[in-house]
Every structure is written in C-alpha cells, then in structure tokens.
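Undergrad: Residue numbers (this note's numbering): 477 to 656. A virtual CB, placed ideally from N, CA and C, is assigned to each residue, including glycine.
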C-alpha cells in the first residue's frame, strides 16, 4: 500500500548518512533528513523554510546560484561542490547531487531534490596528494618556538596548530577553534 511504501522510504532516508534535502522553486528548504544534525549541527526544523543560499559561503553564493538555476535549462541533474555553514560557525565542503524537477512543459523549476555529502576531509587529502611533503611540513610546526596556526583559506578551518599557537589563541583542542 501507499502507506507501507511511505514508511519504507522514510526508513531509508532516516538511515542515510548523507543529507537529503528538498527545496522549493525559490531554493528554500521544505525537507531535510535527520543527517542534517550530524553533518551540520542544525536540527532540520531550524533550517526548514530558510534559503539554501543562506548557508552557502558568501564568496560562493553567486556561483552556486548560477550553477543550480542556470543548468536547469539544459540539465536536470547537476553536481555542485561548495562551502556550507555549520551551526558551529565553521564551514564544511559539501558535494551535492541535485535533481531539478520542472513543470509539465519542462520550463519552470517546480522543486529541487539534493543529496549532500561532506567532502572536506577528501579535499584535504587531495591537497596532501598534490604536495606529498605537506604532511611533513605540517608536522614540523610542532618543533617551532613561535606560535603557529595554519588556517584553510576560504573556510577558516584550522588545519594545524602547534602548542604555542593553541595557547596564544586559546584554542579548544577538541574543536580546534578559538574560544570566545
């Protein structure tokens, strides 16, 4: 029955570690799966009815909006990678596969379904692969007698800090962010 199918698909969505979202034609959230809290720190109800673009890093909003809404004329499926705001104030890099659903004439966007995955660590790993000595360089900063903090450009995520840097900037070691 329809109700049984609904329950089955709800269980699948709830079990996903990827964030599943539904946006209306304006790009506002109408649904967010439970993975929202684990991935971003927000409860789904905190983001519902807010614009997807409110959470996109300011430097990337124009590009992401253009890619999402410009592509719908040619492609119904697109993949967009962007920095996305977490409740903690940090940004993660999300890779989202979008399915843009159009009206019966295929002209106007009716709704957008997206499946997002945090690829921040993957991108950091790729940076290390591009510079095989990066990991060694990062380990050397512990030996410096100056406070050092290395921040990922654009995201503001602290990649590495030495003990003097952590002390000087009052970093919370577990969260690796300044304590205010």
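#1: Just grab the DSSP bridge partners of residue 495 for me.
#2: Give every residue of the same chain whose Cβ lies closer than 6 Å to the Cβ of residue 641, excluding the five residues on either side of it in the sequence, and list them in chain order.
#3: Run through the DSSP bridge pairs and tell me what residue 504 is partnered with.
#4: So who's on the other strand from residue 578, going by DSSP bridges?
#5: Strictly by DSSP, which residues pair up with residue 512?
#6: How would you label residue 651, buried or exposed, when you count the other beta carbons within 10 angstroms and need 16 or more for buried?
#7: Whole angstroms are fine: how far does the CA of residue 509 sit from the CA of residue 527?
#8: Under 8 Å, with one C-beta from each stretch per pair, do the region 500-520 and the region 555-563 reach the 3-pair mark?
#9: Leaving aside the five residues before and after residue 480 along the sequence, list all residues of the same chain whose C-beta is less than 8 Å from its C-beta, in chain order.
#10: Does the region 492-511 touch the region 587-598, meaning 3 or more C-beta pairs lie closer than 8 Å?
#11: Return the bridge partner residues of residue 555 from the DSSP annotation.
#12: Quick one: grab the DSSP three-state call for residue 518.
#13: Are any of the Cβ atoms in chain B nearer than 8 Å to that of residue 564?
#14: So what's residue 640 in DSSP terms, helix, strand or just coil?
#15: Quick one: Cα of residue 504 to Cα of residue 488, how far?
TA: A quick look at the data gives this:
#1: Per DSSP, 592.
#2: The beta carbon of residue 641 is closer than 6 Å to those of 623, 624 and 625 in its chain, skipping five residues each way along the sequence.
#3: In the DSSP secondary-structure assignment, residue 504 is bridged to 527.
#4: As DSSP reads the structure, residue 578 sits in a beta bridge with 585.
#5: The partner list for residue 512 (beta bridge, DSSP) is empty, contrary to what the question assumes.
#6: For residue 651, the pLDDT reaches just 48, beneath the cut-off of 50, and the residue's location in the model is therefore unreliable, leaving the point undetermined.
#7: Rounded to whole angstroms, residue 527 to residue 509 spans 16 Å at the Cα level.
#8: The region 500-520 makes contact with the region 555-563: 3 or more CB pairs, one atom from each, lie closer than 8 Å.
#9: Nothing meets the Cβ criterion.
#10: At 8 Å Cβ cutoff, the stretches touch.
#11: Residue 555 pairs with 573.
#12: Coil at residue 518, not helix or strand.
#13: In the structure shown, chain B cannot be found, because there is only a single protein chain.
#14: Residue 640 falls in the helix class under three-state DSSP.
#15: Cα to Cα, residue 504 sits roughly 23 Å from residue 488.
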